[in-house]
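Numbering-wise (the working numbering), the sequence shown opens with residue 3 and increments by one.
Here the structure comes first, spelled out in structure tokens, and everything after it is commentary.
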Amino acid sequence: MATKEQMEKVKDIVVKLRYLECMDNIIYYDRWNNCPKDGFDYEEKVGAYLTELSNEKLTSKETKELVESLEGETAFDSDTDKGMVRYLIGKYKEAVQIPASLQGELNQANADGQLAWGKCYEADDFESFKPVLKKQFDLQEKIATAINPDEKPYQVLVNRFDKDYRLEEIDAILAKIKDAVCEILNAVREEQSKIDDSILECEADHDTVLRIVKKAQEILGLDKDKSTLFEIHHPVCVCTGPRDSRPSTNCDELIHAILAVVHETGHGLYNYNANDEVAESGLWGGIEGAMHESQSRFYENHVGRTREFWENLYPYLQKEVPKYKEISLDTFLAALNKVKPGLIRLKADELTNTLHIIIRYEIEKEYFDGKLTVDTIEEAWNRKYQEYLGFTPKNHQDGILQDVHWASGCVGYFQGYALGDAYAAQFAHKLLADCPDAFEKLGKGDSSVIGNWLKEHIHQYGQTYSAREMLKKATGEELNTGYYIEYLKEKYLH
Numbered sequence: 003m004a005t006k007e008q009m010e011k012v013k014d015i016v017v018k019l020r021y022l023e024c025m026d027n028i029i030y031y032d033r034w035n036n037c038p039k040d041g042f043d044y045e046e047k048v049g050a051y052l053t054e055l056s057n058e059k060l061t062s063k064e065t066k067e068l069v070e071s072l073e074g075e076t077a078f079d080s081d082t083d084k085g086m087v088r089y090l091i092g093k094y095k096e097a098v099q100i101p102a103s104l105q106g107e108l109n110q111a112n113a114d115g116q117l118a119w120g121k122c123y124e125a126d127d128f129e130s131f132k133p134v135l136k137k138q139f140d141l142q143e144k145i146a147t148a149i150n151p152d153e154k155p156y157q158v159l160v161n162r163f164d165k166d167y168r169l170e171e172i173d174a175i176l177a178k179i180k181d182a183v184c185e186i187l188n189a190v191r192e193e194q195s196k197i198d199d200s201i202l203e204c205e206a207d208h209d210t211v212l213r214i215v216k217k218a219q220e221i222l223g224l225d226k227d228k229s230t231l232f233e234i235h236h237p238v239c240v241c242t243g244p245r246d247s248r249p250s251t252n253c254d255e256l257i258h259a260i261l262a263v264v265h266e267t268g269h270g271l272y273n274y275n276a277n278d279e280v281a282e283s284g285l286w287g288g289i290e291g292a293m294h295e296s297q298s299r300f301y302e303n304h305v306g307r308t309r310e311f312w313e314n315l316y317p318y319l320q321k322e323v324p325k326y327k328e329i330s331l332d333t334f335l336a337a338l339n340k341v342k343p344g345l346i347r348l349k350a351d352e353l354t355n356t357l358h359i360i361i362r363y364e365i366e367k368e369y370f371d372g373k374l375t376v377d378t379i380e381e382a383w384n385r386k387y388q389e390y391l392g393f394t395p396k397n398h399q400d401g402i403l404q405d406v407h408w409a410s411g412c413v414g415y416f417q418g419y420a421l422g423d424a425y426a427a428q429f430a431h432k433l434l435a436d437c438p439d440a441f442e443k444l445g446k447g448d449s450s451v452i453g454n455w456l457k458e459h460i461h462q463y464g465q466t467y468s469a470r471e472m473l474k475k476a477t478g479e480e481l482n483t484g485y486y487i488e489y490l491k492e493k494y495l496h
């Protein structure tokens with residue numbers, strides 16, 4: 003049994019590590035939001051120093067002795083204690099395995115890559131981005147080898163985000179989903195092409211878009227005292243404390259801005275809704291990877307594309323954008339949910355979004371298997387887009403340069419979106435079994451039934467459990483992709 007003294011030490015270390023992470027996330031947020039060009043280099047140095055402090059804390063004699071005394075321990079006073087120990091051991095092992103110099107080099111590459119990506123994207127210049135990409139992938143491979151030299155590098159990279167899955171499992175899950183999506187797509191493509199989605203295009207000034215997306219957040223129940231909204235080209239949600247989560251959107255296109263903010267608000271709600279015990283333990287913020295993406299995808303698709311949600315938002319949209327007064331809600335929803343294969347992941351319809359994810363996962367896997375280089379990766383990207391979605395990018399912005407992930411160090415992350423979709427459908431199935439009137443109440447302006455169910459069964463636990471444990475605790479089952487496939491068939495074929 004872990005002693006009270008041991009757990010007090012664990013908690014002290016974990017909480018202080020999260021302080022440092024919080025400060026680093028504030029810098030990350032500032033880079034995207036407020037930092038002037040000439041302040042960027044100094045913020046990089048501050049971020050590097052925070053990483054150094056975190057590494058010193060993790061590799062100290064005190065932490066080493068504490069981890070060694072607790073490794074293999076199975077008896078704890080609470081699940082929170084067990085979660086703290088698992089968190090600390092995981093962070094300790096990675097800090098010990100990855101040399102500080104290599105971690106520092108990676109942090110610098112992430113910051114530099116983020117900046118370089120923005121410039122290359124604006125210039126539509128993949129050639130200049132190739133050295134950045136190669137350096138990032140080379141560093142990621144070194145990181146993977148440092149963590150586990152006996153394992154495939156890509157397996158290690160994937161497990162940094164989704165710790166519960168072998169590549170073989172992910173391959174099988176994605177293959178099953180891909181087959182179902184392609185079957186549905188072939189069945190509905192012709193009929194869906196007849197839907198006029200040009201009504202989604204509208205001219206709305208910046209302030210109007212901002213008012214509408216904030217109204218969407220209000221409908222979802224986002225607490226203004228625990229969140230703030232910022233604008234960015236590639237929407238993200240930055241968690242900067244147990245009661246401080248910062249979703250973002252891109253206000254360039256109205257409907258895209260709404261769906262993006264609903265997606266990021268899903269992350270935001272998960273980030274700040276840990277219960278007090280979990281928040282005080284340092285386990286706030288949610289489980290990284292598929293579990294976190296399940297919450298954003300749940301809100302984006304199972305809430306944000308529904309009639310019930312738009313019964314609340316559409317009257318406000320009609321007031322702010324007069325053209326929609328002439329368009330019925332039925333017509334609008336048909337356009338919003340139209341299946342329309344395309345090139346841009348962030349603008350993908352719900353059905354074909356998974357194909358965008360699978361392309362990225364396959365390309366990463368092929369690269370780290372030695373089948374691709376930075377000189378052949380774009381050709382593979384374009385070929386897969388033609389094969390899976392029927393389009394070949396005509397420029398780099400609409401192709402391989404569209405995502406910031408690789409530039410900023412998120413290598414091995416994409417499968418989390420697809421797994422997250424499957425998780426989200428399983429959560430939706432259980433929510434409706436427990437609360438059959440949840441969406442009826444949403445249609446009347448009450449999102450609390452949905453929000454409270456998610457908080458009670460998922461959000462309040464933060465990072466206490468692994469993703470697999472959390473899924474089973476919330477739904478009573480292991481991952482069952484059948485719920486996701488059935489949901490898609492019900493939506494598009496019936």
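By construction, the Cβ of each residue, glycine as well, lies at the ideal position given by its N, Cα and C atoms.
Bear in mind the structure is a predicted one, so any value in this text is a computation, not a measurement.
Would you kindly check if the distance between the Cβ of residue j and the Cβ of residue i is under 8 Å?
i	j	result
Y89	Q465	yes
E458	G414	no
Q411	Q110	One detail in the question is off: residue 411 reads as Gly in this sequence, not Gln. No. Outside cutoff.
D164	Q388	no
E302	L261	yes
H461	N252	no
L72	A4	yes
E146	V134	For the record, residue 146 in the displayed sequence is Ala; it is not Glu. Not a contact, by the Cβ cut-off of 8 Å.
D126	N397	yes
L68	V12	yes
G115	A409	yes
A350	I197	no
G422	R299	yes
H390	I379	Note that residue 390 is Tyr in the sequence shown here, rather than His. No, the pair does not count as a contact, with Cβ atoms beyond the cut-off.
D166	A426	no
In terms of alpha-carbon separation, which member of the options lies closest to residue i?
i	options	result
T477	H431, T230, G268	H431
V183	I402, A424, K39	A424
D2	S283, K216, W312	Examination of residue 2 is not possible in this model, given that the chain is present from 3 through 496 alone.
E23	G306, E255, S56, A113	S56
H419	I257, Y363, P101	The residue you asked about is not His; residue 419 is Tyr in the sequence shown. It is Y363.
I267	A177, C437, K228, D278	Residue 267 is actually Thr in this sequence, not Ile. Cα-wise, what sits closest to T267 is K228.
L456	E442, T483, S468, Q428	Q428
I100	K340, E54, E328	E54
I221	K446, R470, M472, Y467	K446
R20	K327, E492, L285	L285
L495	F78, V190, L169, Q320	V190
K226	K216, E233, I234	K216
D295	N273, D278, F78	Position check: residue 295 holds Glu in this sequence, whereas Asp was assumed. Nearest of N273, D278, F78 to E295, Cα basis: N273.
K2	R33, A148, R213	Shown here, the chain extends from 3 to 496; a query on residue 2 therefore has no answer.
V263	F42, N482, I172, S250	S250
G344	R307, T65, S195, F42	S195
T210	I452, D173, D254, N339	D254
W383	G392, K373, G401, Y463	G401
C204	N150, W312, R162, L319	L319
T65	Y31, V16, M25	V16
Name, in chain order, the residues that DSSP records as bridge partners for residue i.
i	result
V240	R248
S229	S247
Rounded to whole angstroms, what's the CA-CA distance from residue i to residue j? Just pull it up for me.
i	j	result
C122	F128	7 Å
I359	Q8	42 Å
L1	D140	No information on residue 1 is available, as it lies outside the stretch 3 to 496 that the chain covers here.
V48	V406	22 Å
L490	E75	43 Å
R248	K475	28 Å
D181	D199	26 Å
V305	H265	10 Å
G106	A292	27 Å
I201	E471	43 Å
E270	C241	The amino acid at residue 270 is misidentified as Glu; the sequence shows Gly. Their Cα atoms are separated by approximately 7 Å.
I28	E45	10 Å
K154	K342	36 Å
A77	Y467	15 Å
T375	E381	10 Å
G41	E233	19 Å
T356	T333	25 Å
Is residue i near the ligand GTP, in the sense that its beta carbon is under 7 Å from a heavy atom of that ligand?
i	result
R307	The ligand GTP is not part of the structure shown, which contains no ligands of any sort.
> Fully enclosed by the stretch 290-324, which alpha helix (DSSP H) runs are 4 residues long or longer?
Replying inline: List check, alpha helix (DSSP H) in window: 292-299, 309-322.
>> Threshold first: 4 residues or longer. Then list the alpha helix (DSSP H) segments lying entirely within the stretch 316-399, N to C.
In response: Entirely contained in the stretch 316-399, the alpha helix (DSSP H) runs reaching 4 residues are, in chain order, 331-338, 355-370, 379-391.
> Unbroken alpha helix (DSSP H) runs of length 4 or more, entirely within the stretch 410-490: which are they?
Replying inline: Correct list: 417-436, 440-445, 450-459, 469-477.
> Mind pulling the alpha helix (DSSP H) runs of 4 or more residues that sit fully within the stretch 156-197?
Replying inline: Complete alpha helix (DSSP H) runs here, min 4: 169-194.
> What alpha helix (DSSP H) runs, 4 residues minimum, are completely inside the stretch 15-63?
Replying inline: Listed in chain order, the complete alpha helix (DSSP H) runs (minimum 4 residues) inside the stretch 15-63 are 42-60.
> Which ranges would you report for the alpha helix (DSSP H) in the stretch 59-127 if only whole runs of at least 4 residues count?
Replying inline: The stretch 59-127 contains these whole alpha helix (DSSP H) runs: 63-72, 81-99, 102-125.
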